[in-house]
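Count the sequence shown with full-length UniProt numbering and you get residues 1 to 493, in order.
Data first, discussion second: the structure below is written as structure tokens.
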Amino acid sequence: MRKSRPQLSDVVMAKSEALLQQRSGSSSVASESSDLSATSVSSSSSKSSSVSSSLWWIHDKGYDLDEFVQRHPGGVEAILLGKGRDCTALVESYHPFTNQHWKVLEKYLVEQPEEDNIDEQISTKDRNDLQQQKDFFYEVLKKRVSTVLISKGIDPKDDRGATITRTLYYCVVFASWIYTGYLHLSGRILGSFLFAITGWLMGALGHDAGHFSASRIPWINEWGVWGMSFICNPILWQHQHTYGHHSFTNEFGHDPDLHHFDTFLRVHKRIQRQSHYRYQSNGLYVMFAYLFVVFGTCFYIPWGVLRTNSLYGIIEWSDKDRRTKSTGMQLHFFLYIFIVAVVPMYTHPSLLSAICASYLHVGTLGLVFALFSQINHLNELSLESDMISRNEKENSKQHSTSRRDPRLAQSWAAAQVETSNNFASQSLFWHVLSNGLNHQIEHHLFPGLNHCHLHHIAPVVKATCLEFGVQYKSYDTWKDLMCATLEWFDKLS
1 MRKSRPQLSD
11 VVMAKSEALL
21 QQRSGSSSVA
31 SESSDLSATS
41 VSSSSSKSSS
51 VSSSLWWIHD
61 KGYDLDEFVQ
71 RHPGGVEAIL
81 LGKGRDCTAL
91 VESYHPFTNQ
101 HWKVLEKYLV
111 EQPEEDNIDE
121 QISTKDRNDL
131 QQQKDFFYEV
141 LKKRVSTVLI
151 SKGIDPKDDR
161 GATITRTLYY
171 CVVFASWIYT
181 GYLHLSGRIL
191 GSFLFAITGW
201 LMGALGHDAG
211 HFSASRIPWI
221 NEWGVWGMSF
231 ICNPILWQHQ
241 HTYGHHSFTN
251 EFGHDPDLHH
261 FDTFLRVHKR
271 IQRQSHYRYQ
281 SNGLYVMFAY
291 LFVVFGTCFY
301 IPWGVLRTNS
311 LYGIIEWSDK
321 DRRTKSTGMQ
331 LHFFLYIFIV
341 AVVPMYTHPS
351 LLSAICASYL
361 HVGTLGLVFA
371 LFSQINHLNE
381 LSLESDMISR
391 NEKENSKQHS
401 TSRRDPRLAQ
411 SWAAAQVETS
421 NNFASQSLFW
431 HVLSNGLNHQ
441 IEHHLFPGLN
451 HCHLHHIAPV
461 VKATCLEFGV
471 QYKSYDTWKD
481 LMCATLEWFD
491 KLS
């Protein structure tokens with residue numbers, strides 16, 4: 001599937017081929033030759049693919065960071081997540097309060113191919129679209145947010161992880177999770193229900209760690225992401241969520257989160273209509289579909305990735321050849337089945353009781369996860385504000401009557417704001433119960449900032465959005481936002 005803007009994979013291939021020409025000096029690969037044999041084309045594609053997969057692509061420039069990986073301050077896992085693909089959003093959003101990374105990157109920039117060598121692969125317009133440009137709106141936000149954090153006694157770089165209070169919260173939830181897990185494994189129905197609730201709350205640690213924000217110490221984040229284990233396969237989570245969803249929020253064909261529910265729900269207008277989607281106008285049907293969410297994220301989807309090495313053909317499992325990742329994916333897959341479904345068969349008085357306990361756990365956690373995660377992006381306004389839609393509107397001049405700064409149409413930060421939604425942002429209760437997802441806008445702008453800091457920056461983010469005419473959607477209650485999602489599902493039914 002193609003975006004309205006050029007796909008990076010196409011650009012990467014073209015750049016890589018040109019780079020190979022420059023390095024090898026081989027005229028057999030040059031675009032001047034129009035009668036290349038099938039063998040030479042295949043060889044060129046194989047080599048260019050190898051080159052592109054070994055580089056980090058940032059603003060259409062390839063960087064060879066292999067020598068820097070072990071010295072990366074954020075840890076090995078954080079930097080390897082972007083290898084071999086467009087990691088522009090990762091680099092920009094995880095280094096918002098410093099420019100030091102650009103100085104480091106300069107040392108590892110791969111020699112750029114001459115423009116003449118890639119004219120046939122990339123049009124002049126496409127090259128202009130891909131030029132590195134400062135996101136003016138994001139630059140303003142970064143400066144203002146940094147000022148606010150400092151005024152609160154929070155160093156934007158050194159103190160971006162969990163506070164002592166947040167860390168104690170992690171510990172209390174972890175202890176509760178272990179205890180309720182014991183109850184579940186001991187054959188107690190109530191224990192299975194409580195194990196689901198604490199499993200959701202453990203997602204606070206898993207989510208923060210998955211964004212490298214639980215701590216400044218890399219190994220804590222690398223192990224902490226396993227707190228997601230009963231919500232989603234943690235290896236899959238990094239590719240699906242931290243990379244895919246946050247880089248391409250609500251972009252159809254690029255954000256994997258838009259493709260999880262096709263079996264039951266039509267969440268995007270580009271999904272082909274099917275007869276059973278008519279049932280999604282009923283809220284009870286939607287709740288029924290949500291009961292299967294965790295079954296999908298912990299079993300069905302990981303099984304598909306293990307078979308195809310790709311998530312829906314959208315996000316490649318780029319580190320599948322690393323033993324820790326391949327083993328980790330499989331280990332979680334089998335341990336999840338063993339803990340949730342197999343052990344209860346031996347500890348419950350009957351098979352029926354065991355099945356009920358297993359499904360109570362899976363269904364409860366799936367429902368809670370969906371009710372707090374899906375509402376953050378799935379409504380009409382949010383699904384028409386992604387980068388693809390913004391480019392389409394710009395090209396069709398639908399934005400011509402707007403008084404907004406025209407640069408906002410190309411602003412990744414503005415898209416993050418307008419594709420996300422907050423709810424009950426002043427409530428500590430909803431903050432705890434939702435694992436901080438009630439500040440989704442701020443989280444998408446600054447994913448490397450622990451959720452415990454987001455309430456500090458929300459006012460200045462909102463004020464800046466109002467100043468620039470960027471739609472900041474903050475619902476008073478969870479119910480209001482849930483209703484907006486259900487209204488959208490009804491419209492698509």
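Glycine included, every Cβ here is placed at the ideal spot set by N, Cα and C.
1. Which value, in whole angstroms, describes the spacing of the CA atoms of Asn221 and Glu316?
2. Name the two residues that bound the continuous alpha helix (DSSP H) containing Gly62.
3. By how many angstroms is the C-alpha of Ser326 removed from the C-alpha of Asp319?
4. Under 9 Å, do Gly206 and Asn450 count as touching if we go by C-beta distance?
5. Grouping DSSP H, G and I as helix and E and B as strand, with all else coil, what is Tyr475?
6. Quick test of your reading: His377 and Asn250, contact by CB under 8 Å. State the CB separation rounded to the nearest angstrom.
7. At which residue ranges does the stretch 298-337 contain complete beta strand (DSSP E) runs of 3 or more residues, listed in the order of the chain?
8. When DSSP builds the beta bridges, which residues end up paired with Ile58?
9. Who are the near neighbours of Asp35 in its chain, counting only those whose CB is closer than 7 Å to its CB and skipping five residues on each side?
10. Roughly how many angstroms separate the alpha carbons of His332 and Thr242, rounded to a whole number?
11. Going along the chain, which residues of its own chain have a beta-carbon closer than 6 Å to the beta-carbon of His95, five neighbours each way excluded?
12. Would you identify the three-state DSSP class for His260, choosing helix, strand or coil?
13. I need the DSSP call for Leu109, collapsed to helix, strand or coil.
14. Applying the 10 Å Cβ sphere with the 16-neighbour rule, what's the burial state of residue 496?
15. Using a Cβ-Cβ cut-off of 6 Å (strictly less than) and excluding sequence neighbours within five positions of Val293, which residues of its own chain qualify?
16. Straight-line CA distance for Val29 to Ala89?
17. Three or more beta-carbon pairs under 8 Å between the stretch 439-459 and the stretch 409-429, yes or no?
18. Evaluate contact between the stretch 350-366 and the stretch 377-392, counting only Cβ atoms and requiring at least three cross-stretch pairs below 8 Å.
19. By alpha-carbon positions, which one of Phe261, Phe264, Phe252, Arg278 ends up nearest to Arg270?
20. Please state whether DSSP places Ser43 in a helix, a strand or coil.
21. Span of the alpha helix (DSSP H) holding Cys452?
22. Quick check on DSSP: helix, strand or coil for Ala484?
23. Can you tell me whether His439 is helix, strand or coil according to DSSP?
24. For a quick check, are the C-beta atoms of Phe372 and Leu265 less than 9 Å apart?
25. Just to confirm the assignment, what range does the alpha helix (DSSP H) spanning Ile178 have?
26. On the CB-based measure, 16 or more other CB atoms within 10 Å of its CB, does Glu139 come out buried or exposed?
27. Under the three-state reduction of DSSP, which class applies to Phe423: helix, strand or coil?
28. Do Gly227 and Gly203 count as a contact pair if the criterion is CB distance below 9 Å?
29. With C-beta atoms as the reference, is Val343 less than 9 Å away from Leu408?
30. State the CB to CB distance for the pair Val173 and Thr198, rounded to an integer number of angstroms; the pair is presumed to be in contact (CB under 8 Å).
31. Enumerate in chain order the residues of its own chain whose CB-to-CB distance from Leu481 is below 7 Å, with the five nearest sequence positions on each side excluded.
32. Between Tyr279 and Ser493, what straight-line distance do the alpha-carbon atoms span, to the nearest angstrom?
33. For Phe208, which of helix, strand or coil comes out of DSSP?
34. Grab me the residues of His259's own chain with a C-beta within less than 6 Å of its C-beta, minus the 5 sequence neighbours each way, in chain order.
35. Return helix, strand or coil for Asp86, following the three-state DSSP convention.
36. Taking the Cβ atom as the reference point for each residue, do Gly74 and Pro302 lie within a distance shorter than 9 Å?
Let me lay it out:
1. 22 Å
2. Per DSSP, Gly62 belongs to no alpha helix (DSSP H); it is in the beta strand (DSSP E), 61-63.
3. 8 Å
4. no
5. strand
6. 6 Å
7. none
8. Lys61
9. With a pLDDT of only 39 at Asp35, under the threshold of 50, the placement of this residue in the model should not be trusted, and no figure is reported.
10. 18 Å
11. His101
12. coil
13. strand
14. Because residue 496 is not part of the residues shown, which for the chain are 1 to 493, the question remains open.
15. Gly366, Phe369, Ala370
16. With a pLDDT of only 32 at Val29, under the threshold of 50, the placement of this residue in the model should not be trusted, and no figure is reported.
17. yes
18. no
19. Phe252
20. Caution is warranted here: a pLDDT of 37 is assigned to Ser43, below 50, making its placement in the model unreliable, and no coordinate value can be reported.
21. Run containing Cys452: none; DSSP gives neither H nor E here.
22. helix
23. strand
24. no
25. 164-185
26. exposed
27. strand
28. yes
29. no
30. 6 Å
31. Ile375, Asn421, Phe423, Tyr475
32. 7 Å
33. Just to set this straight, residue 208 is Asp in the shown sequence, not Phe. Three-state DSSP puts Asp208 in a helix.
34. Tyr312
35. strand
36. no
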